[in-house]
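Chains as they are written, first to last, in my numbering: chain W, 85 to 200; chain V, 529 to 641.
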């Protein structure tokens, strides 16, 4: 089974609108971390936001928020007030447990295009 | 503070050759991990080094190897290149093992002809 599933290959959003990128995960480990990264065409992966499995509140970082629904094993990224510079690939990732170091599992990504 | 630096950024090799990629982590970061990104397989974990020791390894053949030096710089080597090794190789650093987010470099894009 896939550890991270992103079901939206491509998304379009109007500038200044909000958009939700979906992510579901699969793990039996009670301790895990969920991450979202942005990859512009330059190739560098840029960290956006983190949610720990024991965190009670949804994470927020500026215009980014993570809608964490533990029972449903989903960790959707919400981008508010989209900007043209938000056009990029977005990856959801997970690190399991306390013994796997920095081995991250990545989803297949969602290509976001912001329309002026 | 300088980010993660990967060299070379682009390279072209032929089948059967070998290649060495270099990664300089953010100053003070002791963990370096490597990922392969291809259109077909996405991002896949290769291995991680912490304090000059390989701590974890992904499901790749033995042709893929790496090492870390005392200054935390890391190299990865791919021997006997195959066409399927064409990919973007991303290096990521982290202050510690199993903590925090990964900081990625811009990658080394390898094309095997």
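All C-beta atoms in this analysis are idealised placements derived from N, C-alpha and C, irrespective of residue type, glycine included.
All values reported here derive from a predicted model rather than from experimental measurement.
{"Asked": "Specify the secondary structure class of residue 594 of chain V as computed by DSSP and reduced to three states.", "Found": "strand"}
{"Asked": "Less than 9 Å separating the beta-carbons of residue 121 of chain W and residue 88 of chain W?", "Found": "no"}
{"Asked": "Using C-beta distances below 6 Å, list every residue in its chain close to residue 104 of chain W, excluding the 5 sequence neighbours before and after it, in chain order.", "Found": "160, 162"}
{"Asked": "Counting only Cβ pairs nearer than 9 Å, list the residues of chain V close to residue 101 of chain W.", "Found": "Ordered by position in chain V, no residue passes the 9 Å Cβ test against residue 101 of chain W, which lies about 27 Å from the chain."}
{"Asked": "In angstroms with no decimal places, state the Cα-to-Cα distance between residue 194 of chain W and residue 172 of chain W.", "Found": "8 Å"}
{"Asked": "Measure the alpha-carbon distance for residue 566 of chain V versus residue 91 of chain W and round it to whole angstroms.", "Found": "18 Å"}
{"Asked": "Which class does residue 161 of chain W belong to by DSSP, given the choice of helix, strand or coil?", "Found": "strand"}
{"Asked": "Which residues, taken in chain order from the segment 122 to 133 of chain W, show a beta carbon closer than 8 Å to some beta carbon of chain V?", "Found": "126, 127, 128, 129, 130, 131"}
{"Asked": "Listing by chain order, which chain V residues have their CB less than 9 Å from the CB of residue 111 of chain W?", "Found": "Under the 9 Å cutoff, chain V gives no residues; its nearest Cβ is about 15 Å from residue 111 of chain W."}
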